[in-house]
Structures are given as structure tokens and as C-alpha cells.
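First to last, the sequence lines map onto chains A and B.
With my numbering, the residue at position 36 of the first sequence is 36, and numbering never jumps.
With my numbering, the residue at position 41 of the second sequence is 41, and numbering never jumps.
The structure appears right after this line, and notes come after that.
Number of protein chains: 2
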Amino acid sequence: MDVKVIQNCCEPVLVETINASEADELAAAFKVLADPTRLRLLSLIANSPSGEACACDLVDPVGKSQPTVSHHLSILADAGLLAREQRGKWVFFTLVPERVAVLRDALAMG
Amino acid sequence: MDVKVIQNCCEPVLVETINASEADELAAAFKVLADPTRLRLLSLIANSPSGEACACDLVDPVGKSQPTVSHHLSILADAGLLAREQRGKWVFFTLVPERVAVLRDALAMG
DNA sequence: CAGTCATATCGACGAGCGTCAATATATGCG
DNA sequence: CGCATATATTGACGCTCGTCGATATGACTG
């Protein structure tokens, strides 16, 4: 919570809540959400009645090539937002709500 | 809320919650948060005791050049996350909590 | 084992973005 | 007016990223 006193144009104020490395981490997390294709993938999976979705079912709705969808799913899984489970020939993805909650809580400044 | 039926490898599922344009909008909003410098600026302003901060006081803590800070503040203001108010020679920025809440609510999938 | 289907990886291209130095604009002061 | 200060704009550079086609890996089937 390191807090510093800095001289400004009017009067000294207390500042600094998140440091540089915390900001880097958070920014990287939000960067994962900063792509429409990834948001649609998250939405598709989150709203699937079974709570999971196979990668093969996500290519068409998203309207991107299979390699692109695979790429985005990897990014989402690496970020911890999706859990990956291989079942035979198929790969199923599930939302990780706790991880989503971390980002939601980071926006608790208002 | 347009819902479509799509044939998958196992059985038909109901999918599609956010459409392409909604995803574009949301992604653009998250893209604004996907930068460490902008996050630190938001944090500095949000945690300022007066609730506002003058641009001149944000350059040093952030450790970037004045044009860079000005650039990021413009992006945050254009995104509606910051309110801009000119007072004499200085420009003061305030957090717009309602706008932050919009993004927080978008993460209500968990 | 050969073939098929699902997924992942590779390589390349183009667009977008963060950053800075230099400069412009604008506001206040003497 | 002329100078100092605060902020915005411009132009350029380098890097990252989303996308695709081609191809590789891997898993089941007959």
C-alpha cells in the first residue's frame, strides 16, 4: 500500500496505490479482455446451458478461422479465465468464475 | 439478446449472448484499461484525497513524459472514465464511477 | 495401419499502439 | 506586450498483436 507525499501545484497530496508491477499485471489481465473475439468466446461459454463448450462449436459462431479461435482460447486459458479439459478428440472449455471475479474486484474504485 | 441454435459435435445448444458490435464496444472499453500507465493514472486520481488531480501532479509519479501522460489522460477522458475540468492554467481530472461500474457489471458472468 | 477429424503450431503480413522529442497552443503574470 | 508555465499536438520509431493459410500433432475409427 506504499503511500508517498508528492508536491503538486497547489498543496501536498497523498498518492500512489498500485505500483508499477501491480499495474503491469492488471493491464496484462485486462488486455486479455480487450479483444472482441475473446469476449464473444467467453460469452458463448458462459452462457452455454451445460456450462462448457467444445472448441469445435465455437469456430462458426465467432466467424473466425480455426487457428485464430484456437489461439484465442489458449490466451484465455493461459490467463486463467478458462479451464481446459480434453475429452477424446475434443477439447472442452469452462469459465473460471473466481478469475473473472478478480478482475471485477479490481474495478471497485467507484 | 439474439439467440441461435447451432449444430455441434454432440447435441444442439443455445448460444450467443453478445453480438459482434456489442463485443467490439466492450473490447474497446477494456482496451482502455489494458495499459499499466492508464491504470496507474486511474488509481492516482481515484485515491487522491480531494477526489481530483491536476495533470501536472501525475507526470512524475507515473514516470513517463508529459506528452505521454497527456495522451493517456485524453484516452481515459474520451472513454468517459475521467471527467476533465480546466481551472485556469491547470486541468483537473475526476473519476467517473458510473462508467467504471459499466465495465465492472460486464464481468458479471461468474 | 491408413484415414479422418479436432486441435495446435508456424510463418508471415498488416494494423494499431505506446513512447518520445520537438513544437504548438493557451493561460496567467508582471 | 513578453515571458513563464501547463497542456496539447505532431511525426516518427519500434514493438505487439490479430489474422490467415499451410502444416503438424494427436486421437479415434474401420
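Just so you know, even glycine gets a beta-carbon here, dropped at the ideal spot from N, CA and C.
I'd like the span of the alpha helix (DSSP H) that includes residue i, first residue to last.
{"i": "B/THR68", "result": "66 to 78"}
{"i": "B/VAL102", "result": "97 to 106"}
For the beta strand (DSSP E) containing residue i, list its first residue and its last residue.
{"i": "B/LEU82", "result": "82 to 87"}
{"i": "A/ALA34", "result": "Careful: A/ALA34 lies outside any beta strand (DSSP E) and carries neither H nor E."}
{"i": "B/CYS56", "result": "Looking at the DSSP string, B/CYS56 is not in any beta strand (DSSP E), and its letter there is neither H nor E."}
Could you round the C-beta distance between residue i and residue j to whole angstroms and report it? I think they count as a contact, below 8 Å.
{"i": "B/THR37", "j": "B/VAL59", "result": "Not confirmed; about 11 Å, so no contact."}
{"i": "B/ARG104", "j": "B/GLY80", "result": "That belief does not hold up - the Cβ atoms of B/ARG104 and B/GLY80 are roughly 14 Å apart, past 8 Å."}
{"i": "A/CYS54", "j": "A/VAL102", "result": "That pair is no contact at about 26 Å."}
{"i": "A/LEU95", "j": "A/LEU42", "result": "7 Å"}
{"i": "B/VAL32", "j": "B/LEU76", "result": "7 Å"}
{"i": "B/ALA46", "j": "A/MET109", "result": "4 Å"}
{"i": "B/LEU26", "j": "B/ALA83", "result": "Not quite, the Cβ-Cβ distance comes to about 22 Å (not below 8 Å), so this is no contact."}
{"i": "A/PHE30", "j": "B/PHE30", "result": "5 Å"}
Quick one: is residue i near chain A, going by C-beta distance under 7 Å?
{"i": "B/ILE75", "result": "no"}
{"i": "B/THR17", "result": "yes"}
{"i": "B/SER43", "result": "yes"}
{"i": "B/ALA46", "result": "yes"}
{"i": "B/VAL13", "result": "Interpretation of B/VAL13 is limited by its pLDDT of 42, a score under 50 that renders its predicted location unreliable; no figure is taken from the coordinates."}
{"i": "B/PHE92", "result": "no"}
Give me whichever residues DSSP pairs with residue i in a beta bridge.
{"i": "B/VAL91", "result": "B/GLN86"}
Does residue i get closer than 7 Å to chain B when you measure Cβ to Cβ?
{"i": "A/ARG40", "result": "yes"}
{"i": "A/ALA79", "result": "no"}
{"i": "A/ALA83", "result": "no"}
Does the beta carbon of residue i fall short of 6 Å from some heavy atom of the ligand MG?
{"i": "B/ALA77", "result": "In the structure on display, the ligand MG does not appear, and there are no ligands present to speak of."}
Taking any Cβ of chain A, which residues in the region 96 to 107 of chain B have a Cβ under 9 Å from it, in chain order? Within the region 96 to 107 of chain B, the qualifying residues are VAL96, PRO97, GLU98, ARG99, VAL100, ALA101, LEU103, ARG104, ASP105, ALA106 and LEU107.
Against chain B, which members of the region 22 to 38 of chain A pass a CB distance test of less than 7 Å? In summary, the residues of the region 22 to 38 of chain A whose CB is separated from some CB of chain B by less than 7 Å are ALA23, ASP24, LEU26, ALA27, PHE30, LYS31, LEU33, ALA34, ASP35 and PRO36, in the order they occur in the chain.
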